[in-house]
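Engineer: First the structure, which I've put down as C-alpha cells, then a few questions once you've had a look.
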Amino acid sequence: MTEPAKNGRSKLILLALGVPLFGLFELGLHFKQTHDVVDESSWKMAKEQTLAFAKPEDLVIFAPRWIEPVGNEHFGDVMSLERAAFADVSRYPHAVEVSAHGASRKELADWKTVTTKHAGDLDVFLKENPHYRPVLVDFVKRLAERTATVGVDDASNDGSGEETSCGFVSGSAQTGGLGFGTAVPGQRFNCGGRTFAGVSIVTDLDYKPHRCIAAPPSPNGVLRIHFPNTVLGDVVSGHHALYVEAERHRVGTPVDLTVSFDNESIGRATHTDGTGWRGFEFPTDSLKGKTGDVVFSIRSANTQRRAYCFEAVIQ
Numbered sequence: 523m524t525e526p527a528k529n530g531r532s533k534l535i536l537l538a539l540g541v542p543l544f545g546l547f548e549l550g551l552h553f554k555q556t557h558d559v560v561d562e563s564s565w566k567m568a569k570e571q572t573l574a575f576a577k578p579e580d581l582v583i584f585a586p587r588w589i590e591p592v593g594n595e596h597f598g599d600v601m602s603l604e605r606a607a608f609a610d611v612s613r614y615p616h617a618v619e620v621s622a623h624g625a626s627r628k629e630l631a632d633w634k635t636v637t638t639k640h641a642g643d644l645d646v647f648l649k650e651n652p653h654y655r656p657v658l659v660d661f662v663k664r665l666a667e668r669t670a671t672v673g674v675d676d677a678s679n680d681g682s683g684e685e686t687s688c689g690f691v692s693g694s695a696q697t698g699g700l701g702f703g704t705a706v707p708g709q710r711f712n713c714g715g716r717t718f719a720g721v722s723i724v725t726d727l728d729y730k731p732h733r734c735i736a737a738p739p740s741p742n743g744v745l746r747i748h749f750p751n752t753v754l755g756d757v758v759s760g761h762h763a764l765y766v767e768a769e770r771h772r773v774g775t776p777v778d779l780t781v782s783f784d785n786e787s788i789g790r791a792t793h794t795d796g797t798g799w800r801g802f803e804f805p806t807d808s809l810k811g812k813t814g815d816v817v818f819s820i821r822s823a824n825t826q827r828r829a830y831c832f833e834a835v836i837q
C-alpha cells in the first residue's frame, strides 16, 4: 500500500472513531445539564427559608452568578430592585446566599456563615458582614423621592454661568437602544432635551446591573443635582460607570463628577473608559453633623456616547 493510501486510511479510521466519541461527549453534557437543573420544589423551599432569614435591610444573592435570572424569577418580589442591582455589599449587615452545586460568591468570601439550611438541590446561607457600614443617606433614593433639584449651567464648561432649572416629568420609560446606553426613566428631571437625571439601571463591563442615577453630561455645560438639607457623616462614598457598550472600546472622553457641600468642594472622581463600576470615597468627618446643600456636578469635554450613571451614599 502506498504512503498516500495509508494516510487516507488513517484519517478515515480517526473520523470513524471521532463521530461516536463526539456523540458520547454530547450525551455526557446532556446528562450533566439535565441533572444540574434545580427543581421547582427546591426553589420554593429556598424562598421560604430566605423569607425566614432575611430582614428588609439584608442582601439576597445567588451563587453561582449565572443562576441569578432563574433565582430572580422564582423569588419574585423578594428580589427588590435594590437587591437585584446592588451597588456595594458593604452596606448590608447580613446576606442570604442561595447556593447551587456548592457555589459561593466572591463578594462574600470573608463573610461569617451564621446559619445553613438545606433546601433540596439548594443551600441557603445566612452570612454576617464583617465590614458593615450603615447608610445614613441614599442619594439614589432621595432623587426617586424628589427631595432634590436639578439644573444645567450651559454658559461654560467650567460651571461659572447661570444655572437653568430642569423640570420633573412623568411618563413612560424609553429604551436606550443597542449600544446607546441605559434606559431613560419615565420619572425624571428633564433638561430641555439636552440631558436628564433619573433613577435607572446601568450594565457595567462585567454585565452586572446596578441601580444608579442616570445623568448624561450636558453638551458644553455642567449638569448639577442638588440635595438640600443634608446631614453629613464620616464619608460620601459611591460608584460610577458608563453603559458597557459606551466604554468597552475605550475611545470616549472621561466624565468628571465633583461633589460639594455648601459651595465647598468635598472631592472629585473621574471616570475613564475601561474602568467599569468604579468606587470613590470622600472623607467628611471634619463636617460631620453639619446640614447643608450637597451638589453632584457632572461634566465631560465631549458628550458623545456618554451614558453615565452614578450612585452615592453618606455613611
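Using my numbering, you'd call the opening residue of the sequence shown number 523 and step up by one each time. The beta carbon of each residue, even a glycine, is placed where N, CA and C say it ideally should be. Bear in mind the structure is a predicted one, so any value in this text is a computation, not a measurement.
Determine whether the beta carbon atoms of Ala-622 and Leu-644 lie at a separation below 8 Å.
Structural biologist: yes
Engineer: Under 8 Å: do the stretch 789-797 and the stretch 702-721 share three or more Cβ pairs, one atom per stretch?
Structural biologist: no
Engineer: Using 8 Å for Cβ pairs, my map puts Thr-572 next to Val-636. What's the rounded Cβ distance?
Structural biologist: So it is not a contact: roughly 14 Å between Cβ atoms.
Engineer: Please classify Lys-569 as buried or exposed, where buried requires at least 16 neighbouring CB atoms within 10 angstroms.
Structural biologist: buried
Engineer: Which value, in whole angstroms, describes the spacing of the CA atoms of Ile-836 and Gly-796?
Structural biologist: Taking the Cα positions, Ile-836 is about 26 Å away from Gly-796.
Engineer: Between the stretch 822-837 and the stretch 730-740, are three or more C-beta pairs nearer than 8 Å?
Structural biologist: Yes, since at least three Cβ pairs between the stretch 822-837 and the stretch 730-740 fall closer than 8 Å, the two stretches touch.
Engineer: Going along the chain, which residues of its own chain have a beta-carbon closer than 8 Å to the beta-carbon of Asn-651, five neighbours each way excluded?
Structural biologist: Val-611, Ser-612, Tyr-614, Pro-615, His-616, Ala-617 and Trp-633
Engineer: Alpha carbon to alpha carbon, how far is Cys-688 from Leu-665? Give it in angstroms, no decimals.
Structural biologist: Rounded to whole angstroms, Leu-665 to Cys-688 spans 13 Å at the Cα level.
Engineer: May I ask which residues mark the beginning and end of the beta strand (DSSP E) holding Pro-750?
Structural biologist: 744-753
Engineer: Report the residue from Leu-745, Lys-566, Asp-807 and Lys-812 whose alpha carbon sits nearest the alpha carbon of Phe-477.
Structural biologist: In the structure as shown, the chain begins at 523 and stops at 837. Residue 477 is therefore absent and cannot be evaluated.
Engineer: Once DSSP output is grouped into helix, strand and coil, what is the label at Leu-464?
Structural biologist: Only positions 523 to 837 of the chain appear in the structure, and residue 464 is not among them; the question remains open.
Engineer: In or out: Leu-603 buried (at least 16 other Cβ within 10 Å) or exposed?
Structural biologist: By the neighbour-count rule (16 or more Cβ atoms within 10 Å), Leu-603 is not buried but exposed.
Engineer: Just how far apart, CA to CA, sit Leu-630 and Leu-764?
Structural biologist: Roughly 25 Å between the two C-alpha positions.
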